[in-house]
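Its first residue numbered 1, the sequence shown is counted upward by one per residue in the UniProt record's numbering.
Ideal Cβ placement from N, Cα and C applies to all residues, glycine included.
These figures come from a predicted structure and were not determined experimentally.
First up is the structure itself, then whatever we jot down about it.
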Amino acid sequence: MGHLLAVGALVGLGASTSRKNERGKTPQDLLGDRLGKSPAERVFSLAKECAADEKERMRNMQEEHEKQENDLREMKKKVDSKEAEAANLRKENGKLKQELHEMKEKCDSKEAEAANLRKENGKLKQELHEMKEKCDSKEAEAANLRKENGKLKQDLQENKNEIKLIKDKLKKQEKDLQEMKRKCDLKERRQSTCGRKTETSKRK
Numbered sequence: 001m002g003h004l005l006a007v008g009a010l011v012g013l014g015a016s017t018s019r020k021n022e023r024g025k026t027p028q029d030l031l032g033d034r035l036g037k038s039p040a041e042r043v044f045s046l047a048k049e050c051a052a053d054e055k056e057r058m059r060n061m062q063e064e065h066e067k068q069e070n071d072l073r074e075m076k077k078k079v080d081s082k083e084a085e086a087a088n089l090r091k092e093n094g095k096l097k098q099e100l101h102e103m104k105e106k107c108d109s110k111e112a113e114a115a116n117l118r119k120e121n122g123k124l125k126q127e128l129h130e131m132k133e134k135c136d137s138k139e140a141e142a143a144n145l146r147k148e149n150g151k152l153k154q155d156l157q158e159n160k161n162e163i164k165l166i167k168d169k170l171k172k173q174e175k176d177l178q179e180m181k182r183k184c185d186l187k188e189r190r191q192s193t194c195g196r197k198t199e200t201s202k203r204k
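This is how it looks when you write it as structure tokens:
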């Protein structure tokens with residue numbers, strides 16, 4: 001019976017039923033020799049059906065295997081695609097991190113520059129404030145000097161006027177003195193002349 005099932009399985013799997021062995025007998029002839037023609041044909045038919053079912057099952061398994069291989073290939077393609085995408089994303093992420101780092105360094109540099117400029121600006125404002133105070137002080141001093149200068153000019157003019165008045169008064173006094181001296185001299189001359197005349201008269 002085991003030989004029968006084996007022969008039936010081989011036939012079901014595609015073995016030729018017309019090929020003869022060294023004795024010139026086919027598989028069906030061998031089955032007929034062992035069990036008789038009618039039972040052999042029935043068993044052979046059953047074995048052939050089992051073999052056909054097995055062949056179908058194998059074909060289905062093969063198709064399933066091929067489908068799984070295709071699915072695996074597709075999955076591998078997707079995985080490779082995702083891996084490539086992930087690699088690109090990692091590369092882009094690294095680039096973005098680098099750009100962010102450079103931007104941060106640039107921002108820190110600008111912040112430091114701004115801090116220095118604010119410090120310098122404050123210093124310049126302080127210097128400007130001090131300069132303005134000095135300028136205001138000099139302006140006030142100049143105003144006081146102008147005021148004092150004006151007062152000195154006024155005093156000088158008043159002194160000039162006073163000196164002129166004194167000079168004019170001195171000139172007048174000198175003129176009056178000369179006039180008085182002239183009158184005195186004239187009077188003395190007259191008195192002297194009168195005296196000489198009186199003395200001459202007495203002598204006579």
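- prompt: Roughly how many angstroms separate the alpha carbons of L35 and M58, rounded to a whole number?
  reply: Note on L35: pLDDT 44, under 50, position unreliable in the model; the coordinate value appears next. Rounded to whole angstroms, L35 and M58 show a C-alpha spacing of 29 Å.
message: Distance check for L128 and K119, CA to CA, integer angstroms please.
response: Taking the Cα positions, K119 is about 14 Å away from L128.
query: Taking buried to mean at least 16 other C-beta atoms within 10 Å of its own C-beta, is A142 buried or exposed?
result: Counting the other Cβ atoms within 10 Å of the Cβ of A142 gives fewer than 16, which makes it exposed.
Pairwise C-alpha distance: D53 and E64: Their Cα atoms are separated by approximately 16 Å.
query: Around the Cβ of A51, are there at least 16 other Cβ atoms within 10 angstroms (buried) or fewer (exposed)?
result: Classification for A51: buried.
- prompt: What is the rounded straight-line gap between the Cα of G94 and the Cα of C107?
  reply: Their backbone Cα atoms lie some 19 Å apart in a straight line.
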